[in-house]
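Novice: Residue numbers (the working numbering): -16 to 221.
Ideal placement from N, C-alpha and C gives every residue a C-beta, glycine not left out.
Please find one structure pasted underneath; my questions will follow.
Set out below in structure tokens:
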């Protein structure tokens, strides 16, 4: 394995909570000297670095965007600083990079070429939701986004419920925030009454955080409004 340079996987805050409440000071010390970052969104990355250190020199920093618009053939060139012996950081728009995030491609290339990859400590809404749900944390599956089409989504929800019961696994997924309420409506309509649903919303935001686990039968009469709020959905069926 090559020594010296490393690819640092840098978690980003997932709410407006103070950075000191969600990130260790050691992360800030690691970030300060890095001048090359692979990021999902440049504007978000710049804002985060300034939060970490108001004196951070953005003008001398190079950003490489890695998102759904990126030509994946270009990603290998983003690691040129590593090949020159310089550290490179990877940041998602929020949360942990390379988890439900395109940054995993850069990590894969770094691993293949033998560079040191260093994951830093920070908030992961997926794991924090699982921790707080009360569902099975020994066996679980993250499924990303479900189909947008109503019939396909309903079919997928039934499949996830069956897999949860058959394999004793928590099933985790996400939705575009403005469709969160519709997702809950679909879950309530499609799943069995005794299947457990957890909606974890605004994690780490002390004022707005809401993590609720109830059987589907009780969600049918519960009032909620999750639209335009970052949320994680978990189902568990015994």
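Between 40, 38, 58, which has its C-alpha nearest residue 47's C-alpha?
Specialist: 58
Novice: Indicate, with yes or no, if the ligand ATP has a heavy atom lying under 7 Å from the CB of residue 153.
Specialist: Inclusion of the ligand ATP in the displayed structure is not the case, the ligand content being empty and no account of it being possible.
Novice: Please determine, among 122, 116, 63, 112, the residue with the shortest C-alpha to C-alpha distance to residue 96.
Specialist: 63
Novice: Flag this pair as yes or no: are the beta carbons of residue 125 and residue 181 separated by less than 8 Å?
Specialist: no
Novice: Let me check understanding here. Comparing Cα to Cα, which of 106, 104, 81 lies closest to residue 94?
Specialist: 81
Novice: Would you report the Cα separation of residue 79 and residue 40, rounded to the nearest angstrom?
Specialist: Roughly 23 Å separates the two Cα atoms.
Novice: Any idea what DSSP makes of residue -14, helix, strand or coil?
Specialist: Low confidence applies here, because residue -14 scores a pLDDT of 43, under 50, leaving its location unreliable; read the following figure in that light. Note: residue -14 maps to coil in three-state DSSP.
Novice: Between which residues of its own chain and residue 72 is the CB-CB distance below 6 Å, once the five residues before and five after are set aside?
Specialist: -9, -7, 17, 20
Novice: Going along the chain, which residues of its own chain have a beta-carbon closer than 6 Å to the beta-carbon of residue -11, five neighbours each way excluded?
Specialist: 70, 99, 101
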